[in-house]
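Student:
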Amino acid sequence: GKTVPTELLFISNIKYFTVFPESRERQKIVQKTLGKRFKINKLEIKNFESIEKELEKFLKAKEDKKGRYILFAEPFIFPIITNSSTLSRFNLQVVSYGIGGTPSSSSLGLFHICISRESMFNEIKLLMDKENKKTGKPPVILFDEQNGMSKGFKSWWDNTVKEEDIAELIHYRQSSVSKDLESAMNEKPGRTIFLFAGVNNRAINMVNREKFKNKNIIEIFTRYGKNNKCVSHYIDVEYNKMLKKGLKSQELNDFILNAEKNVINFEIKDFSFKKEKSKEINIVRRK
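Every position in the sequence shown, counted from 1, becomes a number in the working numbering once 206 is added.
#1: Does the distance from the C-beta atom of N289 to that of S312 stay below 9 Å?
#2: Count the other CB atoms within 10 Å of the CB of D371; is the residue buried (16 or more) or exposed (fewer)?
#3: Express the C-alpha separation of N459 and T212 in angstroms, rounding to a whole number.
#4: By Cβ distance, which residues of its chain are closer than 6 Å to V469, with the 5 residues on each side in sequence left out?
#5: Excluding the five sequence neighbours on either side, which residues of its own chain have a C-beta within less than 8 Å of the C-beta of E444, listed in chain order?
#6: Return helix, strand or coil for D442, following the three-state DSSP convention.
#7: In the DSSP output, which residue or residues are listed as bridge partners for V346?
#8: Quickly, what does DSSP pair K480 with across the bridge? List them, please.
#9: So, with DSSP's three-state summary, where would you put N488?
#10: Excluding the five sequence neighbours on either side, which residues of its own chain have a C-beta within less than 6 Å of the C-beta of L240, listed in chain order?
#11: Which residues does DSSP pair with S302 in a beta bridge?
#12: Sort out for me which residues DSSP pairs V469 with in a bridge.
#13: Which partner residues of K234 appear in the DSSP bridge assignment?
#14: Is DSSP giving E250 helix, strand or coil here?
#15: What did DSSP end up calling K419 once you bin it into helix, strand or coil?
#16: What would DSSP say about K435, mapped onto helix, strand or coil?
#17: Does the segment 382 to 396 touch the segment 351 to 368, meaning 3 or more C-beta pairs lie closer than 8 Å?
#18: Buried or exposed for P345, going by 16 or more other Cβ atoms inside 10 Å?
#19: Using three-state DSSP, classify K357 as helix, strand or coil.
#20: Along the beta strand (DSSP E) that carries Y275, what are the first and last residues, could you check?
#21: When the distance is taken between beta carbons, is Q237 closer than 9 Å to F264?
#22: Using CA atoms only, rank isn't needed, just tell me which of K368, K451, E457 and Y275 is closest to K475.
#23: Straight-line CA distance for K419 to Y440?
#24: I need the straight-line Cα distance from A403 to K248, nearest angstrom please.
#25: Please classify V383: is it buried, with 16 or more other beta-carbons within 10 angstroms of its beta-carbon, or exposed?
#26: Using the rule of at least 16 other Cβ atoms within 10 Å of the residue's Cβ for burial, across every protein chain shown, is K483 buried or exposed?
#27: Under three-state DSSP, which class holds T428?
#28: Apart from the five residues just before and just after K234, which ones in its own chain have a Cβ nearer than 8 Å to its Cβ?
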(Lines of atoms letter the chains of each structure in order from A and count residues from 1; the text may use other names and numbers.)
(Lines give C-alpha, C1' and ligand atoms only; values in the text may rest on other atoms or scores of the structure.)
Protein backbone atom coordinates (compact mmCIF):
# COMPACT_ATOMS: atom_id res chain seq x y z
CA GLY A 1 0.00 0.00 0.00
CA LYS A 2 3.03 2.28 0.16
CA THR A 3 3.39 4.69 -2.77
CA VAL A 4 6.60 4.18 -4.73
CA PRO A 5 8.22 7.49 -5.79
CA THR A 6 8.33 7.83 -9.56
CA GLU A 7 10.70 9.91 -11.69
CA LEU A 8 10.22 10.98 -15.28
CA LEU A 9 13.62 10.54 -16.88
CA PHE A 10 15.03 12.15 -20.03
CA ILE A 11 18.25 11.48 -21.93
CA SER A 12 20.12 14.63 -22.91
CA ASN A 13 22.96 15.13 -25.37
CA ILE A 14 23.90 18.67 -26.39
CA LYS A 15 25.42 17.74 -29.76
CA TYR A 16 22.38 15.70 -30.74
CA PHE A 17 19.94 18.45 -29.77
CA THR A 18 21.96 20.96 -31.79
CA VAL A 19 21.52 18.86 -34.93
CA PHE A 20 17.97 17.70 -34.13
CA PRO A 21 16.24 20.49 -32.16
CA GLU A 22 12.85 18.84 -32.81
CA SER A 23 13.86 16.09 -30.36
CA ARG A 24 14.27 18.66 -27.61
CA GLU A 25 10.84 20.00 -28.53
CA ARG A 26 9.32 16.52 -28.12
CA GLN A 27 10.90 16.18 -24.70
CA LYS A 28 9.20 19.43 -23.74
CA ILE A 29 5.85 18.00 -24.91
CA VAL A 30 6.33 14.94 -22.68
CA GLN A 31 7.47 17.12 -19.78
CA LYS A 32 4.43 19.38 -20.12
CA THR A 33 2.02 16.43 -20.36
CA LEU A 34 3.44 14.12 -17.67
CA GLY A 35 5.69 16.45 -15.68
CA LYS A 36 3.00 17.53 -13.24
CA ARG A 37 2.62 13.96 -12.00
CA PHE A 38 6.26 13.04 -11.46
CA LYS A 39 9.60 14.40 -10.41
CA ILE A 40 11.70 15.20 -13.51
CA ASN A 41 15.31 14.13 -13.93
CA LYS A 42 17.68 14.48 -16.88
CA LEU A 43 20.69 12.31 -17.62
CA GLU A 44 23.36 14.03 -19.71
CA ILE A 45 25.43 11.55 -21.73
CA LYS A 46 28.52 12.10 -23.89
CA ASN A 47 27.54 9.62 -26.60
CA PHE A 48 24.73 7.18 -27.29
CA GLU A 49 27.05 4.17 -27.56
CA SER A 50 27.44 4.21 -23.78
CA ILE A 51 23.78 4.78 -22.96
CA GLU A 52 23.22 1.35 -21.36
CA LYS A 53 26.17 1.79 -18.99
CA GLU A 54 25.22 5.39 -18.22
CA LEU A 55 21.67 4.36 -17.33
CA GLU A 56 22.90 1.47 -15.19
CA LYS A 57 25.24 3.81 -13.32
CA PHE A 58 22.46 6.34 -12.78
CA LEU A 59 19.94 3.75 -11.53
CA LYS A 60 22.46 2.00 -9.29
CA ALA A 61 23.20 5.28 -7.51
CA LYS A 62 19.49 5.53 -6.69
CA GLU A 63 18.90 1.91 -5.70
CA ASP A 64 18.60 2.70 -2.01
CA LYS A 65 15.58 4.94 -2.72
CA LYS A 66 13.69 2.04 -4.34
CA GLY A 67 11.95 4.33 -6.78
CA ARG A 68 10.52 3.64 -10.20
CA TYR A 69 11.45 5.40 -13.41
CA ILE A 70 9.68 6.27 -16.64
CA LEU A 71 12.18 6.99 -19.39
CA PHE A 72 11.20 8.91 -22.51
CA ALA A 73 13.38 7.69 -25.39
CA GLU A 74 13.81 8.73 -29.00
CA PRO A 75 12.99 6.00 -31.59
CA PHE A 76 16.64 5.10 -32.21
CA ILE A 77 17.34 4.72 -28.48
CA PHE A 78 14.69 2.33 -27.21
CA PRO A 79 15.83 -0.74 -29.22
CA ILE A 80 19.25 -0.39 -27.58
CA ILE A 81 17.93 -0.52 -24.04
CA THR A 82 14.59 -2.36 -23.99
CA ASN A 83 16.20 -5.80 -24.35
CA SER A 84 19.00 -5.10 -21.90
CA SER A 85 19.30 -7.81 -19.25
CA THR A 86 21.32 -5.34 -17.16
CA LEU A 87 18.56 -2.73 -17.05
CA SER A 88 15.74 -5.25 -16.66
CA ARG A 89 16.44 -5.66 -12.93
CA PHE A 90 15.53 -2.02 -12.29
CA ASN A 91 12.00 -0.66 -11.92
CA LEU A 92 12.17 1.03 -15.30
CA GLN A 93 9.55 1.63 -17.97
CA VAL A 94 10.12 3.20 -21.39
CA VAL A 95 7.84 5.48 -23.39
CA SER A 96 8.76 6.03 -27.04
CA TYR A 97 7.27 6.57 -30.48
CA GLY A 98 7.96 5.62 -34.07
CA ILE A 99 6.62 4.79 -37.51
CA GLY A 100 6.39 1.59 -39.48
CA GLY A 101 7.29 -0.88 -36.76
CA THR A 102 5.62 -2.54 -33.76
CA PRO A 103 8.02 -4.11 -31.23
CA SER A 104 6.82 -7.44 -29.89
CA SER A 105 9.20 -8.08 -27.00
CA SER A 106 11.10 -6.15 -24.37
CA SER A 107 12.88 -6.84 -21.08
CA LEU A 108 11.52 -3.52 -19.84
CA GLY A 109 8.01 -2.19 -19.90
CA LEU A 110 7.57 -0.39 -23.24
CA PHE A 111 4.74 1.91 -24.33
CA HIS A 112 5.26 2.55 -28.03
CA ILE A 113 3.20 5.25 -29.75
CA CYS A 114 3.16 4.26 -33.39
CA ILE A 115 1.67 4.43 -36.87
CA SER A 116 1.44 1.16 -38.76
CA ARG A 117 3.17 0.64 -42.08
CA GLU A 118 -0.06 -0.14 -43.84
CA SER A 119 -1.63 3.11 -42.64
CA MET A 120 1.39 5.09 -43.85
CA PHE A 121 1.50 3.30 -47.19
CA ASN A 122 -2.19 4.02 -47.74
CA GLU A 123 -1.53 7.69 -46.99
CA ILE A 124 1.34 7.72 -49.51
CA LYS A 125 -0.99 6.19 -52.07
CA LEU A 126 -3.41 9.08 -51.53
CA LEU A 127 -0.54 11.51 -52.14
CA MET A 128 0.30 9.76 -55.40
CA ASP A 129 -3.33 9.88 -56.49
CA LYS A 130 -3.52 13.60 -55.69
CA GLU A 131 -0.37 14.39 -57.71
CA ASN A 132 -1.64 12.26 -60.59
CA LYS A 133 -4.86 14.27 -60.78
CA LYS A 134 -3.03 17.57 -60.29
CA THR A 135 -0.47 17.11 -63.09
CA GLY A 136 -2.34 14.64 -65.28
CA LYS A 137 0.75 12.43 -65.20
CA PRO A 138 1.53 9.47 -62.91
CA PRO A 139 4.29 10.48 -60.46
CA VAL A 140 7.49 8.49 -59.99
CA ILE A 141 8.55 6.89 -56.71
CA LEU A 142 12.26 6.21 -56.33
CA PHE A 143 12.72 3.50 -53.70
CA ASP A 144 15.65 1.73 -52.10
CA GLU A 145 15.30 -2.04 -51.62
CA GLN A 146 18.07 -2.12 -49.02
CA ASN A 147 15.94 -0.19 -46.57
CA GLY A 148 13.34 -2.15 -44.58
CA MET A 149 10.50 0.33 -44.85
CA SER A 150 11.19 1.11 -48.50
CA LYS A 151 11.34 -2.59 -49.31
CA GLY A 152 8.11 -3.13 -47.40
CA PHE A 153 6.45 -0.34 -49.36
CA LYS A 154 7.45 -1.93 -52.68
CA SER A 155 6.01 -5.28 -51.57
CA TRP A 156 2.79 -3.64 -50.34
CA TRP A 157 2.47 -1.65 -53.56
CA ASP A 158 2.93 -4.72 -55.78
CA ASN A 159 0.31 -6.66 -53.82
CA THR A 160 -2.20 -3.83 -53.35
CA VAL A 161 -2.21 -1.07 -55.96
CA LYS A 162 0.21 -1.92 -58.77
CA GLU A 163 -2.54 -2.48 -61.33
CA GLU A 164 -4.17 0.89 -60.62
CA ASP A 165 -1.46 2.73 -62.58
CA ILE A 166 -1.32 5.58 -60.05
CA ALA A 167 2.47 5.90 -60.08
CA GLU A 168 5.63 4.30 -61.45
CA LEU A 169 8.15 2.76 -59.06
CA ILE A 170 11.86 2.86 -59.91
CA HIS A 171 14.51 1.06 -57.89
CA TYR A 172 17.59 3.20 -57.32
CA ARG A 173 21.06 2.55 -55.98
CA GLN A 174 23.55 4.92 -54.43
CA SER A 175 25.65 4.78 -57.59
CA SER A 176 22.75 5.59 -59.93
CA VAL A 177 20.33 7.91 -58.12
CA SER A 178 21.38 10.95 -60.17
CA LYS A 179 20.87 9.03 -63.42
CA ASP A 180 17.55 7.61 -62.19
CA LEU A 181 16.30 11.08 -61.26
CA GLU A 182 17.35 12.54 -64.60
CA SER A 183 15.72 9.69 -66.53
CA ALA A 184 12.47 10.05 -64.57
CA MET A 185 12.40 13.80 -65.25
CA ASN A 186 13.28 13.63 -68.93
CA GLU A 187 11.18 10.63 -69.88
CA LYS A 188 7.90 12.42 -69.16
CA PRO A 189 8.45 16.07 -68.22
CA GLY A 190 6.20 17.56 -65.58
CA ARG A 191 5.92 14.48 -63.40
CA THR A 192 6.36 14.72 -59.65
CA ILE A 193 9.25 12.67 -58.25
CA PHE A 194 8.92 11.11 -54.78
CA LEU A 195 12.18 9.99 -53.16
CA PHE A 196 11.23 7.33 -50.64
CA ALA A 197 13.03 7.04 -47.30
CA GLY A 198 16.14 4.89 -47.19
CA VAL A 199 19.82 4.96 -46.32
CA ASN A 200 20.62 5.60 -49.97
CA ASN A 201 18.70 8.87 -49.86
CA ARG A 202 22.09 10.34 -48.98
CA ALA A 203 22.97 9.75 -52.62
CA ILE A 204 20.75 12.74 -53.43
CA ASN A 205 23.80 14.82 -52.51
CA MET A 206 25.54 13.57 -55.66
CA VAL A 207 22.80 14.99 -57.87
CA ASN A 208 23.60 17.99 -60.06
CA ARG A 209 21.12 20.52 -58.70
CA GLU A 210 21.18 22.64 -61.87
CA LYS A 211 19.64 19.77 -63.83
CA PHE A 212 16.55 19.80 -61.64
CA LYS A 213 15.88 23.44 -60.84
CA ASN A 214 12.20 24.36 -60.83
CA LYS A 215 11.30 20.64 -60.68
CA ASN A 216 8.98 19.04 -58.16
CA ILE A 217 11.10 16.57 -56.15
CA ILE A 218 9.55 15.47 -52.85
CA GLU A 219 11.57 13.61 -50.22
CA ILE A 220 9.61 11.36 -47.83
CA PHE A 221 10.62 10.86 -44.16
CA THR A 222 14.21 12.16 -44.54
CA ARG A 223 15.92 15.46 -45.34
CA TYR A 224 19.16 14.47 -47.00
CA GLY A 225 18.34 16.60 -50.04
CA LYS A 226 18.63 19.88 -48.17
CA ASN A 227 22.42 19.59 -48.34
CA ASN A 228 22.18 19.60 -52.12
CA LYS A 229 19.29 22.07 -52.31
CA CYS A 230 17.57 20.22 -55.14
CA VAL A 231 14.54 18.93 -53.20
CA SER A 232 11.47 21.17 -53.48
CA HIS A 233 9.34 19.69 -50.67
CA TYR A 234 9.53 17.31 -47.72
CA ILE A 235 6.78 15.06 -46.40
CA ASP A 236 6.82 13.59 -42.93
CA VAL A 237 4.57 12.47 -40.11
CA GLU A 238 3.48 15.20 -37.71
CA TYR A 239 5.29 13.61 -34.79
CA ASN A 240 4.28 16.22 -32.24
CA LYS A 241 0.56 15.61 -32.82
CA MET A 242 1.14 11.86 -32.84
CA LEU A 243 3.03 12.07 -29.54
CA LYS A 244 0.40 14.22 -27.83
CA LYS A 245 -2.38 11.77 -28.71
CA GLY A 246 -0.48 8.83 -27.24
CA LEU A 247 0.55 10.73 -24.10
CA LYS A 248 -3.06 11.67 -23.34
CA SER A 249 -4.41 8.15 -23.85
CA GLN A 250 -6.00 6.09 -21.09
CA GLU A 251 -3.82 3.18 -22.21
CA LEU A 252 -0.65 5.06 -21.22
CA ASN A 253 -2.17 6.00 -17.89
CA ASP A 254 -2.98 2.33 -17.18
CA PHE A 255 0.51 1.29 -18.31
CA ILE A 256 2.13 3.67 -15.83
CA LEU A 257 -0.23 2.97 -12.92
CA ASN A 258 0.12 -0.79 -13.24
CA ALA A 259 3.91 -0.64 -13.71
CA GLU A 260 3.53 -3.08 -16.59
CA LYS A 261 6.58 -4.86 -17.96
CA ASN A 262 5.00 -5.90 -21.24
CA VAL A 263 4.98 -4.16 -24.65
CA ILE A 264 2.04 -1.97 -25.62
CA ASN A 265 1.93 -0.66 -29.18
CA PHE A 266 -0.54 2.22 -29.16
CA GLU A 267 -1.46 2.83 -32.79
CA ILE A 268 -2.51 6.30 -33.92
CA LYS A 269 -5.33 5.77 -36.39
CA ASP A 270 -6.20 9.32 -37.45
CA PHE A 271 -3.01 10.94 -38.69
CA SER A 272 -1.84 12.91 -41.69
CA PHE A 273 1.42 13.83 -43.36
CA LYS A 274 2.84 17.32 -43.28
CA LYS A 275 4.08 18.67 -46.60
CA GLU A 276 6.67 21.38 -46.15
CA LYS A 277 8.34 23.50 -48.80
CA SER A 278 12.11 23.37 -48.67
CA LYS A 279 13.52 26.58 -47.24
CA GLU A 280 16.99 25.52 -48.29
CA ILE A 281 16.32 25.53 -52.02
CA ASN A 282 18.45 28.08 -53.83
CA ILE A 283 17.78 28.28 -57.55
CA VAL A 284 20.25 30.29 -59.62
CA ARG A 285 18.41 32.10 -62.40
CA ARG A 286 20.22 33.27 -65.50
CA LYS A 287 19.63 36.88 -66.51
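Where is the CB? At the ideal position from N, CA and C, for every residue including glycine.
Tutor: In this structure, then:
#1: In this structure, S312 lies closer than 9 Å to N289 by Cβ.
#2: Label assigned to D371: exposed.
#3: The alpha-carbon atoms of T212 and N459 are separated by roughly 14 Å.
#4: The answer, listed in chain order, is P309, S312 and L316.
#5: So the list reads F477, S478, F479 and K480, once near-sequence residues are dropped.
#6: In the structure shown, the three-state DSSP call for D442 is strand.
#7: Under DSSP, V346 forms a beta bridge with E374 and I399.
#8: The partner list for K480 (beta bridge, DSSP) reads D442.
#9: Confidence in N488 is poor, its pLDDT being 48 and thus under 50, which makes the residue's placement too unreliable to answer from.
#10: Cβ within range, chain order: L214.
#11: H318.
#12: BP columns for V469 point to L316.
#13: Partner(s): none; K234 has no beta bridge.
#14: Note: E250 maps to strand in three-state DSSP.
#15: When secondary structure is reduced to three states using DSSP, K419 falls in the coil class, being assigned neither helix nor strand.
#16: Reduced to three states, the DSSP call for K435 is coil.
#17: In short, these stretches do not touch, since the Cβ pair count stays below three.
#18: Sixteen is the threshold: when 16 or more other Cβ atoms of the shown chains lie within 10 Å of the Cβ of P345, as they do, the residue is buried.
#19: The DSSP-derived three-state label of K357 is helix.
#20: Residues R274 to F278.
#21: It is not a contact, given that the beta carbons lie outside the stated cut-off.
#22: Closest option to K475, Cα to Cα, is K451.
#23: Straight through space, the alpha carbons of Y440 and K419 are spaced by roughly 16 Å.
#24: Approximately 32 Å, taken between the alpha carbons.
#25: Its Cβ being crowded by 16 or more others within 10 Å, V383 is buried.
#26: With fewer than 16 Cβ atoms within 10 Å of its Cβ, K483 is classed as exposed.
#27: Three-state result, T428: coil.
#28: Taking C-beta separations shorter than 8 Å and ignoring five residues to either side along the sequence, K234 has no partners in its chain.
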